[in-house]
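Per the UniProt record's numbering, the very first residue in the sequence shown carries number 1; after that it's consecutive.
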Amino acid sequence: MSQALILPMAAHVALAALLYVLLTVARAPAVWGIGRRPDGSNPWASVEPRISANLSNQFEWPLFFHAACFILLQLQPGPVAVALAWVFVAGRVVHSAVQILARNVRLRGIVFTINFLAVLGLWALVVMAVGKLPSA
Numbered sequence: 001m002s003q004a005l006i007l008p009m010a011a012h013v014a015l016a017a018l019l020y021v022l023l024t025v026a027r028a029p030a031v032w033g034i035g036r037r038p039d040g041s042n043p044w045a046s047v048e049p050r051i052s053a054n055l056s057n058q059f060e061w062p063l064f065f066h067a068a069c070f071i072l073l074q075l076q077p078g079p080v081a082v083a084l085a086w087v088f089v090a091g092r093v094v095h096s097a098v099q100i101l102a103r104n105v106r107l108r109g110i111v112f113t114i115n116f117l118a119v120l121g122l123w124a125l126v127v128m129a130v131g132k133l134p135s136a
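Dropping the structure here:
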């Protein structure tokens, strides 16, 4: 079970990598001229700032996700920790889709709240596990 947190952590890294690829594709018409419309415009111009913003989001609250997972890896995480980690990753995927494709700020806020609570749950598990450790 101790290695089970590696997969959701790797899935989040894969999401960030995918966002880097999408951002590169979205910027290609402006940067390299690849994929420009016949009039010279960038077909991705409206979505590029949203991809960029979402990519930046992957280095904000997720930092606390990865920190909690690293600590829990040392403390033998249980199935609740693994489930919360997967909830977080699934929520990040949905959050990315909503932010990039839908522009629905209310829905994005709801999804973020789920991510937020999953990470708080992971940190609660960290605190509880540390509290059970024998003192030196």
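Idealized CB from N, CA, C, for every residue including glycine.
| Item | Value |
| --- | --- |
| DSSP state of residue 99 mapped onto helix, strand, coil | helix |
| Best match in 26, 73 and 92 for proximity to residue 15 [C-alpha to C-alpha] | 92 |
| When 31, 54 and 105 are compared against residue 43, the one with the closest alpha-carbon | 31 |
| Cβ-based neighbour list, residue 19, same chain, cut-off 8 Å, excluding 5 preceding and 5 following | 51, 54, 55, 58 and 96 |
| Spatial distance of residue 67 from residue 61 (CA atoms) | 10 Å |
| Exposure label - residue 26; buried when at least 16 CB within 10 Å | buried |
| N-terminal and C-terminal residue of the alpha helix (DSSP H) that residue 138 is part of | The structure shown does not extend to residue 138, since the chain is modelled only from 1 to 136, so the question has no answer here. |
| Spatial neighbours of residue 80 in its chain, beta-carbon cut-off 8 Å, leaving aside the 5 residues before and after | 121 and 125 |
| Span of the alpha helix (DSSP H) around residue 133 | No alpha helix (DSSP H) holds residue 133; DSSP gives it neither H nor E. |
| Same chain, Cβ closer than 7 Å to residue 100, neighbours up to 5 away in sequence not counted | 47, 50, 51 and 54 |
| Simplified DSSP assignment, three categories, for residue 34 | coil |
| Cβ-based burial, residue 130 [other Cβ within 10 Å; buried from 16] | exposed |
| Within 8 Å, strictly: CB atoms of residue 5 and residue 85 | yes |
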